[in-house]
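Scroll down for the structure; my scribbles are underneath it.
There are 2 protein chains.
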Amino acid sequence: MSRDQQAVRTILEAVKSEGRSSLSSDEARELCQAYDIPTPGQGLATSADDAVSLSDSVGYPVVLKIESPDILHKTDAGGVIVGLTTADEVRDAFEEISANAKAYNASASISGVQVQQMLPAATEVIVGAVTDPTFGKLTAFGLGGTLVEVLGDMTFRLAPTPADQAMSMLDDISGAEVLAGIRGAAPVDRSALASIVENVGALVGDFPEIDELDLNPVMASSEGATAVDVRILTDFNPKPARFRPSHDDILSAMQRVMQPDGVAVIGASAEDGKIGNSVMKNLIDGGYEGEIYPIHPREEEILGRKCHASVTDVSGNIDIAIFCIPARFVAGVLAEVGQKGIAGAILIPSGFAEVGEHELQEEVVQAARDNNVRLMGPNIYGFYYTHKNLCATFCTPYDEKGSVALSSQSGGVGMAIIGFSRSAKMGVSAIVGLGNKSDIDEDDLLVYFEQDPNTEVIAMHVEDLKDGQAFAEVATRVSKTKPVVVLKAGRTSIGAKAANSHTGALAGDDRVYDSILKQSGVIRARSLNDLLEYARGLSVLPTPKGENILILTGAGGSGVLLSDACVDNDLTLMSMPDDLDAAFKEFIPPFGASGNPVDITGGEPPTTYRATIELALNDERIHSLVLGYWHTIITPPMVFAELLSEEVEAARNKGINKPVVVSLVGDVEVEEACRYLLDRDILAYPYTAEKPVAVLGAKYRWARSAGLL
Amino acid sequence: MSRDQQAVRTILEAVKSEGRSSLSSDEARELCQAYDIPTPGQGLATSADDAVSLSDSVGYPVVLKIESPDILHKTDAGGVIVGLTTADEVRDAFEEISANAKAYNASASISGVQVQQMLPAATEVIVGAVTDPTFGKLTAFGLGGTLVEVLGDMTFRLAPTPADQAMSMLDDISGAEVLAGIRGAAPVDRSALASIVENVGALVGDFPEIDELDLNPVMASSEGATAVDVRILTDFNPKPARFRPSHDDILSAMQRVMQPDGVAVIGASAEDGKIGNSVMKNLIDGGYEGEIYPIHPREEEILGRKCHASVTDVSGNIDIAIFCIPARFVAGVLAEVGQKGIAGAILIPSGFAEVGEHELQEEVVQAARDNNVRLMGPNIYGFYYTHKNLCATFCTPYDEKGSVALSSQSGGVGMAIIGFSRSAKMGVSAIVGLGNKSDIDEDDLLVYFEQDPNTEVIAMHVEDLKDGQAFAEVATRVSKTKPVVVLKAGRTSIGAKAANSHTGALAGDDRVYDSILKQSGVIRARSLNDLLEYARGLSVLPTPKGENILILTGAGGSGVLLSDACVDNDLTLMSMPDDLDAAFKEFIPPFGASGNPVDITGGEPPTTYRATIELALNDERIHSLVLGYWHTIITPPMVFAELLSEEVEAARNKGINKPVVVSLVGDVEVEEACRYLLDRDILAYPYTAEKPVAVLGAKYRWARSAGLL
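Order-wise, the sequence lines are chains A and B.
Using my numbering, the first residue of the first sequence is number 1, and each one after it goes up by one.
Using my numbering, the first residue of the second sequence is number 710, and each one after it goes up by one.
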């Protein structure tokens, strides 16, 4: 692969020196050639004779296009005529285009008319690159044509885009089937297309001043792919990158922040109702194992702990300082915090960027950086780290220890996390409020949770990523070993991003998030409840060893709903081997349905549930089990719950640990049965067939993306 | 509008008499002409000279197409050449097509080559008709082109299809924007397209022997629309229609069935654990107000009620007979049931069609029809009608009276309905098991619930509709006054429907259900939980007076999630009038956000919630209120719940009754607050922003479709 960086540099320097923000067609084409992106034979004609001789040389049929820096949308200007097969037609077309262009914009400067080889019929696709405000340089791929522009069926990847990623884009669009060749058409040359994406990614990666790039259309056939039209826009004043410490610096600071041995409370208070009082109480009542240092200019003692006027007066070691003082005093105290060698400041106060006080926040950020202190917040409820009994927050204490780490950008969502976790008995390792994210953000948390032995699953509520590239980079690595679930809020407010290219216009905020989160191995939750249920489910369910799902149900109607849900969640119903089918038939009535779902029918006693569940747990060809229980007098809910947990326990004792999810339909007693099962780490839900399967689906999405399946 | 039925009849009779199942191009085109469906000028050429003279007469450019009953897919056979502009080109094309056809299928009988006027560039659409196994004759509409075939973007309506329905199809496809004209194109002539759909619908309505019809493509421009290719398949042996009594007969029987004054229990038993015992107990313990007649050949008395050997021995009036005897005895007893003048038999026993015993079921159906008895079931749990304290079932009694009527095809789902209803305190008028639906089905229930003063909302779990046309007809009428919610299970098992046309192949089961349910005004639920939540929500929420939604929240983060949910549910965030904005600003802190959502911020006392809620309830421009509550120490959950219910109550007393839904995020105390609010008919949900908005969205979907907005 030849990539002529020097040729590109020369052209871009010319563009820059001339104060332009876009390349001419010729320049754009040269850039493509320098990066091995095929373009059709062509040339610029300044007269009709010129056009004819160029046509003779590139070969008929040809297409003629107006070439002017003042006319960006050539078709709208009547500046494109296609399918010219003779010299006479070319001559007429040249005159017509020139006249149209003058009529469209009399003052436009016309460079001439492009004469271009017209490619044989092929599938039109779009390849492009954009500079996303969140994720930076991205490549884009979609099918061409007006309909796709209407449906906006495009996918995105971080640039540079390696070959496997580029190839995955071809399968990632709704219309992917078209590329495989429909109605007798030959499939397109996939590697030729992927190679164009890869080269575009390399080009914008090497030259960040390329702001947007559009290859539209790219004509793809079984023979190869050629970029017919190329548009390139530049921006020589890119926005500065967000400050980002090295991985080791992040980790060493975050370890002290999340598991501190000494905590200072700046603005501690003895007065009920004050935030500095709530924080003190939560630290003490939560059973925090380290030292607690209330800081107050005048008090001697608060809640039985000796007070200091400043952190610098404390002789012991302090890892974090929790700020419970008004916004305007924060920056001033950060110098002392730095002087004391404190790793992190937990900024509970609001009154910063969220209310328009950007300068005040900037001042605090600068003070922290000057003093080598990491900031959490401001405008947060604080955070919890349960395995250290640490409740560094003004909210209620939380103590249900477990392996799920959660973060939220908003305080309200944080409270929902706490309430749900407590109510659903979700074991939690940490709950972190990120608020304004002036410094510590999701990628810092990921770096920490990645190596935290107490954390197995990470779930995050995100309104915006401050540094999408850093997030994607870390998430891609972390999600290989620990599931990362993200609820992206604000999906529907796309904002007024000025976009001058097709690709840019198609880059709706949410489509980009969707592509890049997927690329990063992140499981996306579509609702707050999904975020919480997935978090709990992913932590409870073992990783499946294969794709074979078996549905075993006492209610045929549930079996249908569970099957629907499996299809909706891309889960594969195992096709039943004959011997296994026969084995199930031994236990179920003759009118029950074997196959998959196995319908044991509603009137069966506990022994039938037990025998079929045991069979399903022990057969190695079944990788996951979806159970549908139907409340009957013969097998009441708690009887079912007990026999199921016995069977699962027995299997676990034999080293068999496959995902089991349960839908229970019946009268209110099924709620008690669900709680009983959840207490024994078996995921069970009342009155729904869809939720247990959705949670299992999330586990599968993660296992596949982590390469475990 | 001229419709020449005689011309169509003549052609179809010829097709039938020749034993064919498809029409020739010419015949198909004549049918179109007879029903005012425009087709291009054309003729059949049997020689190259012929083709040239035809081309001269229809006008260049022309397209040539092979015409053979043995070649259905002309393009695949190389049998189509387009864009012929001269006599020489036509001559060459004729020879080439003839040669291609021979190469493709040497034994094909060739009628000649169609010469067809080629229409100017236009938008390609597909119009068609199919015979759906559930809904019968349907018209279909979609965009043409391979991509749409891949995405399957089609919509369907019952045939005949009146003009307004035909017009609505144009907006019902994902690519609708294309028809409005994109990238400078003129919009297509919508009424020309709708008129083609209408005429197709009339044609297949008048001639049911037309099994499938394909106009593909129809070329649509701003000037009109022309069907370029027409394919018509026939079936002269349509399946017989399902038995359906008159509306009055349905109603008079259903009134006796659902609100009986006398109930016989066939196979009543004194023995615990027997179904005939459970049914007796449920009738008695449920407090049924009418007469109960246990029927048993030998017993004197069961549970204190006098027994009879046969219903014919009973002197009092009996409206329903609940069958608790084995399947094989059912048919025999139905004669006596008929003789006694009993309106309905409730067939609890299984062992019929669901286990392959189709003949036994057919025998029972025939016996019922011979004796003028309606059948519920077989294979059901029975039914409840709470306002008569009637528990005609072997399940547990249910007594939470209210206005929601529910039905389920499956017993398991029925039990989920009972459990959820009890747990969520959903007031219910009826719960009905339909099982095998050998006779009584959803449209019979709709006819009854339509006039039942105790029922305001109807929710149905459906696996298959036995008579889709009857359902659609009744649902269209009923849903205008009472919301009808349907969960269609088995969405993803499309089965192996043999389809010979494009339209047919696109008619996936679920796409058809989706179109027709929507056309019928039915609110579709996507999950069991949605069915139940929508049912409850629709019965609790008043009908909104307009589209203006206001979000009022104590948590900015909830506001974002609630806004996302509004967009997802097609709800309109009111744009805030200046005076109202100013009014809200008076109550909220300066850093709070007015506009919409109104963010009162998290630290506010109850007075702020109260004042802003009162303002929102009383301003007539706000039609519905979405509240986001954030748990704080300053305004705890129960304080919020109490003040909200006081405000809503005060508004209701003033005659202001607008929809209010609430999302509560916080610690577990929010669950108690939700229960408190639900008890006062205010829809409130913990730990979710999406569910309350989805339920509000369902209410809006219904109100719009019923023409109330």
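C-beta atoms are modelled at their ideal positions from N, C-alpha and C, and glycine is treated no differently.
Keep in mind that this is a model prediction, so the values were computed, not measured.
- First and last residue of the uninterrupted beta strand (DSSP E) at residue 141 (chain A): 136–143
- Under the three-state DSSP convention, the category residue 251 (chain A) falls into: helix
- To the nearest angstrom, report how far apart residue 1188 (chain B) and residue 884 (chain B) are at their CA atoms. 28 Å
- Query: Comparing alpha-carbon positions, which option in B:1396, B:1327 and B:1020 lies nearest residue 1368 (chain B)?
  - Reply: B:1327
- Message: Taking 8 Å as the threshold (C-beta atoms), are residue 1322 (chain B) and residue 1310 (chain B) in contact?
- Response: no
- Measuring only between beta-carbons, confirm whether residue 362 (chain A) sits less than 8 Å from chain B. no
- Message: Between residue 409 (chain A) and chain B, is the shortest Cβ-Cβ distance under 8 Å, so that the two count as touching?
- Response: yes
- Out of B:790, B:915, B:814 and B:897, which has the shortest C-alpha to C-alpha gap to residue 847 (chain B)? B:915
- Message: Rounded to whole angstroms, what is the Cα-Cα separation between residue 91 (chain A) and residue 48 (chain A)?
- Response: 5 Å
- DSSP state of residue 629 (chain A) mapped onto helix, strand, coil: strand
- Task: Please report how far the alpha carbon of residue 109 (chain A) lies from the alpha carbon of residue 181 (chain A), in whole angstroms.
- Result: 43 Å
- Item | Against chain B: residues of the stretch 413–444 of chain A by CB proximity under 7 Å | 413, 415, 416, 418, 419, 420, 422 and 423
- Where residue 859 (chain B) sits in the DSSP three-state scheme: helix
- Message: Does residue 706 (chain B) pass the burial test, meaning 16 or more other C-beta atoms within 10 Å, or should it be called exposed?
- Response: Coverage of chain B is limited to positions 710 through 1418, which leaves residue 706 (chain B) absent and any answer about it impossible.
- Per-residue contacts from residue 1200 (chain B) into chain A (C-beta, under 7 Å): 564
- For a contact meaning CB atoms closer than 9 Å, what does residue 828 (chain B) contact in chain A? Those within 9 Å of residue 828 (chain B) in chain A number zero; the least Cβ separation is about 18 Å.
- Message: Please report whether the beta-carbon of residue 1377 (chain B) lies at a distance below 8 Å from any beta-carbon of chain A.
- Response: yes
- Could you tell me whether the Cβ atoms of residue 361 (chain A) and residue 410 (chain A) are closer together than 8 Å? no
- Item | Cβ-Cβ separation, residue 282 (chain A) to residue 397 (chain A) (assumed contact under 8 Å), whole Å | 5 Å
- residue 686 (chain A) versus residue 626 (chain A) - alpha carbon distance: 14 Å
- So which residues of chain A does residue 669 (chain B) contact, with C-beta pairs closer than 7 Å? It is not possible to answer for residue 669 (chain B), since the shown part of chain B is limited to 710 through 1418.
- Task: In angstroms with no decimal places, state the Cα-to-Cα distance between residue 1234 (chain B) and residue 1244 (chain B).
- Result: 10 Å
- Query: Under the rule that 16 or more other beta-carbon atoms within 10 Å means buried, what is residue 714 (chain B), buried or exposed?
  - Reply: exposed
- Message: Any beta carbon from chain B within less than 8 Å of residue 141 (chain A)'s own beta carbon?
- Response: no
- Message: Among the candidates B:853, B:1018, B:1255 and B:1246, whose CA atom is the shortest distance from the CA of residue 1405 (chain B)?
- Response: B:1246
- Considering residue 1257 (chain B), what are the terminal residues of the beta strand (DSSP E) in which it resides? 1257–1262
- Task: Please confirm if the stretch 1313–1322 of chain B is in contact with the stretch 1347–1358 of chain B, defined as three or more CB-CB distances below 8 Å between the two stretches.
- Result: yes
- 8 Å Cβ cutoff, residue 698 (chain A) in contact with chain B: no
- Locate the alpha helix (DSSP H) running through residue 1395 (chain B), then write down its first and last residues. Where residue 1395 (chain B) is concerned, there is no enclosing alpha helix (DSSP H), although the beta strand (DSSP E) it sits in stretches over 1392–1395.
- Could you tell me whether the Cβ atoms of residue 1057 (chain B) and residue 1086 (chain B) are closer together than 8 Å? yes
- Could you please tell me which residues of the stretch 999–1029 of chain B, in chain order, have their CB closer than 7 Å to any CB of chain A? none
- Can you pull the DSSP bridge partners for residue 1054 (chain B)? B:1030 and B:1084
- Measuring alpha carbon to alpha carbon, tell me which of A:238, A:269, A:140 and A:235 ends up nearest residue 218 (chain A). A:140
- Can you list, in chain order, the stretches of the beta strand (DSSP E) that have 3 or more residues and sit fully within the stretch 107–135 of chain A? 112–117 and 123–132
- Task: Can you grab the Cα-Cα spacing for the pair residue 111 (chain A) / residue 102 (chain A), in whole Å?
- Result: 12 Å
- What separation, rounded to the nearest whole angstrom, lies between the Cα atoms of residue 733 (chain B) and residue 778 (chain B)? 7 Å
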